[in-house]
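Chemist: Protein chains in written order, with UniProt numbering: chain A, 1 to 441; chain B, 1 to 441.
Idealized CB from N, CA, C, for every residue including glycine.
2 protein chains.
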Amino acid sequence: MHLGIFVLGTGHHMGAWRHPDVDANAALDLKFFKEIASIAERGKLDMLFLSDGLTFNRLSHPAEQVRFEPLTLLSALAAVTTKIGLAATASTTYNEPFHIARKFLSIDHLSNGRAGWNVVTSYYEEEAKNFSRENHLEHSVRYDRAAEFVEVVKGLWDSWDDDALIRDKETGVYFDSERLHTLHHQGKYFSVKGPLNASRSKQGQPVIIQAGSSTAGVKLAAETAEVVFTAQQTLEDAQHFYERLKAKAVEFGRNPDTIKVLPGVTPIIGRTEQEAREKYELLQDLIVPEIGLDFLSDYLGGIDLSNYPLDGPLPQQIPETNGNQSRRQLIIDLARRENLTIRQLYKRIAGTRGHRLIFGTPEQIADQLEEWFIHGGADGYNLMFPYLPGSFTEFVDEVIPILQSRGLFRKEYEASTLRGHLGLPTPMSIYSNKKTTAGGI
Amino acid sequence: MHLGIFVLGTGHHMGAWRHPDVDANAALDLKFFKEIASIAERGKLDMLFLSDGLTFNRLSHPAEQVRFEPLTLLSALAAVTTKIGLAATASTTYNEPFHIARKFLSIDHLSNGRAGWNVVTSYYEEEAKNFSRENHLEHSVRYDRAAEFVEVVKGLWDSWDDDALIRDKETGVYFDSERLHTLHHQGKYFSVKGPLNASRSKQGQPVIIQAGSSTAGVKLAAETAEVVFTAQQTLEDAQHFYERLKAKAVEFGRNPDTIKVLPGVTPIIGRTEQEAREKYELLQDLIVPEIGLDFLSDYLGGIDLSNYPLDGPLPQQIPETNGNQSRRQLIIDLARRENLTIRQLYKRIAGTRGHRLIFGTPEQIADQLEEWFIHGGADGYNLMFPYLPGSFTEFVDEVIPILQSRGLFRKEYEASTLRGHLGLPTPMSIYSNKKTTAGGI
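#1: Please report the straight-line C-alpha distance between residue 318(A) and residue 172(B), rounded to a whole angstrom.
#2: Would a check of beta-carbon distances place residue 439(B) closer than 7 angstroms to chain A?
#3: Any beta-carbon of chain A closer than 7 angstroms to the one on residue 130(B)?
#4: Would you tell me roughly how many angstroms separate the C-alpha atoms of residue 84(B) and residue 120(A), rounded to the nearest one?
#5: Give me the Cα-Cα distance between residue 360(A) and residue 272(A), rounded to the nearest whole angstrom.
#6: Just tell me which of 363(A), 385(A), 200(A), 340(A) has its CA closest to the CA of residue 179(A).
#7: Residues in the stretch 52-65 of chain B with C-beta within 8 angstroms of chain A's C-beta atoms, listed in sequence order?
#8: Going straight from the alpha carbon of residue 202(A) to that of residue 264(A), what length do you get?
#9: So if DSSP puts residue 356(A) in a beta bridge, which residue, or which two residues, is it bridged to?
#10: How do the stretch 106-118 of chain A and the stretch 85-96 of chain A stand: do at least 3 beta-carbon pairs fall below 8 angstroms, yes or no?
#11: Does residue 386(A) pass the burial test, meaning 16 or more other C-beta atoms within 10 Å, or should it be called exposed?
#12: Chain A beta carbons: is any one of them nearer than 7 angstroms to that of residue 72(B)?
#13: Mind listing which residues of the stretch 188-207 of chain A have their C-beta closer than 8 angstroms to chain B's C-betas, in chain order?
#14: Report the neighbours of residue 125(A) on chain B: residues whose CB is nearer than 8 angstroms to its CB, in chain order.
#15: What residues in its chain sit with their C-beta under 6 angstroms from that of residue 280(B), if we drop five residues either side in the sequence?
#16: Are there any heavy atoms of the ligand SAM lying less than 6 angstroms away from the beta-carbon of residue 140(B), as far as the coordinates show?
#17: Does the beta carbon of residue 297(A) sit closer than 7 angstroms to a beta carbon anywhere in chain B?
#18: Taking beta-carbon pairs under 8 angstroms, can you tell me which members of the stretch 76-100 of chain A lie near chain B?
#19: From this set, 68(B), 192(B), 56(B), 47(B), which residue's C-alpha is nearest residue 94(A)'s C-alpha?
#20: Give me the Cα-Cα distance between residue 219(A) and residue 148(B), rounded to the nearest whole angstrom.
#21: Rank 181(B), 261(B), 128(B) by C-alpha distance to the C-alpha of residue 429(B) and give the top, closest one.
#22: Is there a Cβ of chain B sitting closer than 7 angstroms to that of residue 431(A), yes or no?
#23: Using a Cβ-Cβ distance under 7 angstroms, would residue 35(B) count as near chain A?
#24: Give the single residue among 32(B), 51(B), 345(B), 221(B) whose Cα lies nearest to the Cα of residue 389(B).
#25: Compare the Cα-Cα distances from residue 415(B) to each of 213(B), 346(B), 4(B), 82(B) and report the closest residue.
#26: Since residue 12(A) meets chain B, which of its residues come closer than 7 angstroms, beta carbon to beta carbon?
#27: Thinking C-alpha only, which one of 175(A), 190(A), 1(A), 146(A) is nearest residue 160(A)?
#28: Please classify residue 109(B): is it buried, with 16 or more other beta-carbons within 10 angstroms of its beta-carbon, or exposed?
#29: Compare the C-beta of residue 143(A) with all C-beta atoms of chain B and state if any pair is closer than 7 angstroms.
#30: From residue 177(A) to residue 254(B), what distance separates their C-alpha atoms?
#31: Taking the straight line between their C-alpha atoms, what separation do you get for residue 210(B) and residue 391(B)?
#32: Does residue 281(A) have its Cβ less than 7 angstroms from a Cβ in chain B?
#33: Would you say residue 435(A) lies against chain B (beta-carbon separation less than 7 angstroms)?
#34: Just confirm the distance between the C-beta atoms of residue 20(A) and residue 56(B), as a whole number of angstroms; I'd bet it's less than 8 angstroms.
#35: Considering only residues of the stretch 393-419 of chain B, which uninterrupted alpha helix (DSSP H) runs meet the minimum length of 4 residues and lie entirely inside it, listed in chain order?
#36: Closer than 7 angstroms by beta-carbon distance: list the chain E residues that pair up with residue 69(A), in chain order.
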């Protein structure tokens with residue numbers, strides 16, 4: 001079983017920063033992230049993952065409003081860790097492949113082969129306005145561009161053969177120019193000459209991660225990703241996604257074992273399941289009503305709910321809007337079906353944000369993680385702890401030992417690279433068959 | 001006196017990696033850079049600086065051919081240092097202001113206020129080809145774009161007032177939206193909405209560094225820079241540049257003390273001046289003839305010298321080329337005037353690369369640094385050691401104590417930020433006069 005921690009500030013729950021055990025100022029404090037990385041290494045996790053967004057949004061999670069830039073934070077963590085894999089998001093829509101190739105390969109060198117890149121095409125429309133563009137690129141264009149972007153990045157990562165750096169003091173030969181390759185990429189979106197000014201790393205190339213669930217997203221993942229993050233609520237859905245993705249990978253000529261599916265999950269641990277649920281309710285109470293209400297209004301297409309009692313039902317008549325209609329109807333149906341008050345409804349939405357929650361004792365948490373793992377729903381998990389470090393420490397101290405004793409999870413690191421942890425092969429260089437003929441620059 | 005170390009791989013001399021005391025593999029080894037940063041803190045230096053280039057060039061310094069990306073390396077060093085300022089180069093020609101603002105502010109937070117940005121417009125024509133462009137931008141356009149770029153970055157750095165983050169657990173107020181500002185920049189090259197998703201740092205804003213010496217470069221520096229790197233060979237030239245820059249800063253309404261001029265200098269230390277010169281000759285002998293010759297050919301406009309004896313003179317007839325004519329004539333004149341052989345000539349060029357060399361005992365080195373400092377030629381120096389860590393350790397152990405005993409250099413750090421070390425003021429927010437009216441997002 002492969003386990004990563006998805007670190008979003010002081011915790012995934014929107015009210016995490018208000019939790020009594022949480023340092024509200026930690027989201028811009030390197031000491032806090034060092035501590036999390038250290039707990040992750042103590043728990044023998046595969047990797048630590050940082051998401052990203054290129055805009056400020058009034059309605060987003062506080063940890064997305066004021067945050068470190070992930071590649072700089074990841075680099076800092078590379079300097080103070082030795083085992084944990086280090087992955088972060090970077091957008092193919094608002095970046096240049098040369099920069100992204102360089103930065104991730106640099107982090108791969110800084111960490112001695114522990115870097116991973118989560119390829120995203122950017123979600124928020126508003127990001128365009130921070131990059132001198134009027135509009136966000138259309139969905140299919142974003143994915144088309146992303147595919148070419150990844151191809152260029154991987155091409156640049158192969159600029160230097162593994163044995164290209166000679167550095168022979170005696171002869172003064174620094175590198176073998178026959179083993180240095182110029183990419184000369186000319187495509188639809190990019191023309192990038194290369195070569196990159198950094199050699200291949202200990203793990204060959206950074207690990208490629210993807211989280212798309214649309215048709216285009218799954219295609220990109222099946223073609224290029226080595227780790228796939230996904231949000232799944234039921235085992236059946238998880239199995240379906242797992243099978244679909246692996247089958248698609250096979251269509252692209254890949255070994256399905258070289259693509260690891262990690263659904264997101266938020267474990268809530270208690271001495272009993274009931275206690276776990278109560279702990280979660282305490283967190284839910286930390287959602288500020290105004291923000292919860294704004295959140296709900298936004299999901300409903302921007303309608304104003306401030307004149308309705310929080311502990312009463314949704315109004316019977318909800319005005320039509322131009323927002324996402326299916327999401328809007330889903331929310332309305334949920335409220336009607338479960339007879340939820342406005343407060344219960346915003347808590348449900350703001351609390352989980354679409355991700356799977358599991359409750360119980362450490363044994364029950366381990367059972368639920370094991371179930372999906374052995375029944376073809378997951379190769380492991382992207383763990384999204386509600387508040388940090390508290391709920392992560394609990395998991396490492398109480399759940400990890402159970403997973404280890406069941407033989408589901410490593411007891412010690414057996415490798416030193418992210419690829420090693422994940423059991424992924426080292427990618428062959430695109431020049432590996434023509435080493436003697438492609439030569440020179 | 002302010003002292004920075006300009007770290008270029010294992011040393012500024014092109015043959016540094018071949019030096020017997022140098023680890024030839026260190027240029028992509030974080031341990032090596034950690035050691036340099038640690039020596040820099042032991043020596044109480046103001047900052048550590050990393051240059052950059054966005055291309056591979058067969059004729060450049062080996063440390064420029066295979067290197068860490070500087071912002072990731074700087075972030076890693078932020079995690080393992082506590083005092084030293086951390087500065088790096090980023091190009092305004094091949095980047096987006098939103099990314100650059102974010103990354104440097106993030107490093108500023110990672111380091112608790114120790115970041116600096118060296119603003120460059122990119123030197124190499126070839127960089128364009130790594131960024132889907134046919135040609136490099138024309139010089140004046142580059143500087144025009146750079147000025148707007150810096151304005152946008154500084155504007156984004158002011159997105160959050162110093163007291164904008166409330167994070168009151170009791171009330172659930174995370175930030176004061178009246179103290180968060182949206183830039184709404186619409187300019188000639190960029191339209192950037194903002195706000196940035198990171199608050200102001202401990203030193204307000206990262207320090208702005210510049211190194212332009214052209215008319216446009218000096219104008220940009222005088223208008224925006226707080227530290228200026230410069231290459232000067234004589235005290236007279238240094239004084240002239242110093243006066244010109246500070247006078248220009250005054251024209252822009254600035255206090256000339258808020259712009260620090262740091263000429264580059266390479267100190268070569270020996271027990272006698274003669275020994276220092278001999279040590280330098282040993283380094284010069286490490287330049288591989290083929291590379292030195294290629295270097296010289298390039299300076300002369302691409303002519304082929306491989307058929308002439310290395311220890312003979314330049315040929316009488318040197319074919320005309322389309323290269324830089326004034327530089328070419330300078331080299332030819334130098335060779336004729338000093339009666340240099342081809343080998344002597346390439347050593348002279350490849351060895352110094354335009355920077356000032358000083359030779360002598362620790363006292364003599366201190367004298368030469370003091371002379372420019374007290375005679376209005378420098379506020380300090382950007383130290384460019386020939387090989388690392390050896391020549392840097394010598395300097396810290398033998399020259400720094402002399403500068404300290406003369407009262408020219410600090411004995412202990414008196415500040416914890418880069419601005420503090422440099423005696424630079426914290427920039428006022430552009431919103432500081434309209435805090436109550438600009439409000440909200």
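Modeler: Answer, in terms of the structure:
#1: Going by C-alpha positions, residue 318(A) is about 28 angstroms away from residue 172(B).
#2: Confidence at residue 439(B) is low in this model, with a pLDDT of 32, below 50, so the placement of that residue should be treated as unreliable; the coordinate-derived value is given next. Judged by the 7 angstroms Cβ criterion, residue 439(B) is not in contact with chain A.
#3: yes
#4: 35 angstroms
#5: 6 angstroms
#6: Nearest to residue 179(A) by alpha-carbon distance, out of 363(A), 385(A), 200(A), 340(A), is 200(A).
#7: 53, 54, 55, 56, 58, 62, 64, 65
#8: 28 angstroms
#9: 265(A)
#10: yes
#11: Flag for residue 386(A) reads buried.
#12: yes
#13: 189, 190, 191, 192, 193, 194, 195, 196, 197, 198, 199
#14: Neighbours of residue 125(A) on chain B: none; closest Cβ ~12 angstroms, over 8 angstroms.
#15: 268
#16: Among the components modelled here there is no ligand, and therefore nothing to report on the ligand SAM.
#17: Interface flag for residue 297(A) against chain B is unset, since no Cβ pair is found closer than 7 angstroms.
#18: 76, 77, 78, 79, 80, 94, 95, 96, 98, 99
#19: 192(B)
#20: 40 angstroms
#21: 181(B)
#22: no
#23: Judged by the 7 angstroms Cβ criterion, residue 35(B) is not in contact with chain A.
#24: 32(B)
#25: 82(B)
#26: Going along chain B, no residue has its Cβ under 7 angstroms from residue 12(A), so there is no contact; the nearest lies around 16 angstroms.
#27: 175(A)
#28: Buried, by the Cβ-count rule.
#29: no
#30: 50 angstroms
#31: One Cα belongs to residue 210(B), the other to residue 391(B), and the distance between them is close to 26 angstroms.
#32: Answer no: the Cβ-Cβ gap between residue 281(A) and chain B never drops below 7 angstroms.
#33: Below a pLDDT of 50, predicted positions are generally treated as unreliable, and residue 435(A), at 43, falls in that range; the measurement from the model is reported next regardless. Residue-level contact check: residue 435(A) does not touch chain B, since none of the beta carbons of chain B fall below 7 angstroms from its beta carbon.
#34: Contact flag wrong, Cβ pair sits at about 53 angstroms.
#35: The qualifying runs are 400-405.
#36: You won't find chain E in this structure, because its protein chains are A and B.
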